[in-house]
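Colleague: Going by this note's numbering, the sequence shown runs without a break in its numbering and finishes at 130. Beta carbons: idealized from backbone N, C-alpha and C, even for Gly. Below are the structure tokens for one structure; questions will follow.
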Amino acid sequence: MPLFMDTHNLDAIDPDAIAGAHERDLEVQDRYGVNYRSYWFSQQPARVFCLVEAPDADAAVAVHREAHGLLADEIVEVREG
50 MPLFMDTHNL DAIDPDAIAG AHERDLEVQD RYGVNYRSYW FSQQPARVFC LVEAPDADAA
110 VAVHREAHGL LADEIVEVRE G
């Protein structure tokens, strides 16, 4: 299955809120055939990165939309190396 990395550019980072959003992704992901594998964040600049296996980028976006509404600013297909 394709692997995607998405990027969320934010004004500020609340680690607890980010963890909660990821948990909601995990609750919703099976409906879309998606596997949110991990996430990372940086405080400065305030960004969140999500690594997700999905049939396509639209399925990954649909999970974020349903789970919490925090849509990525960018999503790209990546390969492990």
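Taking Y81 as the reference, give the member of P64, V112, W89 with the closest Cα.
Modeller: Looking up residue 81 in the sequence shown gives position 32. Ranking the options by Cα distance to Y81, first place goes to V112.
Colleague: Do you know whose CA, among T56, V101, L119, lies nearest E129's CA?
Modeller: For the purposes of this step, residue 129 is taken as residue 80 along the sequence shown, with counting starting at 1. The residue with the shortest Cα to Cα distance from E129 is V101.
Colleague: Report the rounded CA-to-CA distance for P122 versus H57, giving the unit in angstroms.
Modeller: Locating residue 122 in the sequence shown gives position 73, where the first residue counts as 1. Locating residue 57 in the sequence shown gives position 8, where the first residue counts as 1. The displayed chain sequence assigns Asp, not Pro, to residue 122. If I take the Cα positions, the gap works out to 5 Å.
Colleague: How many Å lie between V110 and P94 at the Cα?
Modeller: Numbered from its first residue, the sequence shown carries residue 110 at position 61. Numbered from its first residue, the sequence shown carries residue 94 at position 45. In this model, V110 and P94 are separated by some 22 Å (Cα to Cα).
Colleague: Mind reading off the beta-carbon distance from M50 to A103? Whole number of angstroms is fine, and I expect it under 8 Å.
Modeller: Position 1 of the sequence shown, counted from the first residue, corresponds to residue 50. Position 54 of the sequence shown, counted from the first residue, corresponds to residue 103. With a Cβ gap of about 7 Å, M50 and A103 count as contacting.
Colleague: Output yes or no for whether 7 Å exceeds the beta carbon distance between A106 and F53.
Modeller: Along the sequence shown, one-based indexing puts residue 106 at 57. Along the sequence shown, one-based indexing puts residue 53 at 4. It is a contact, given that the beta carbons lie within the stated cut-off.
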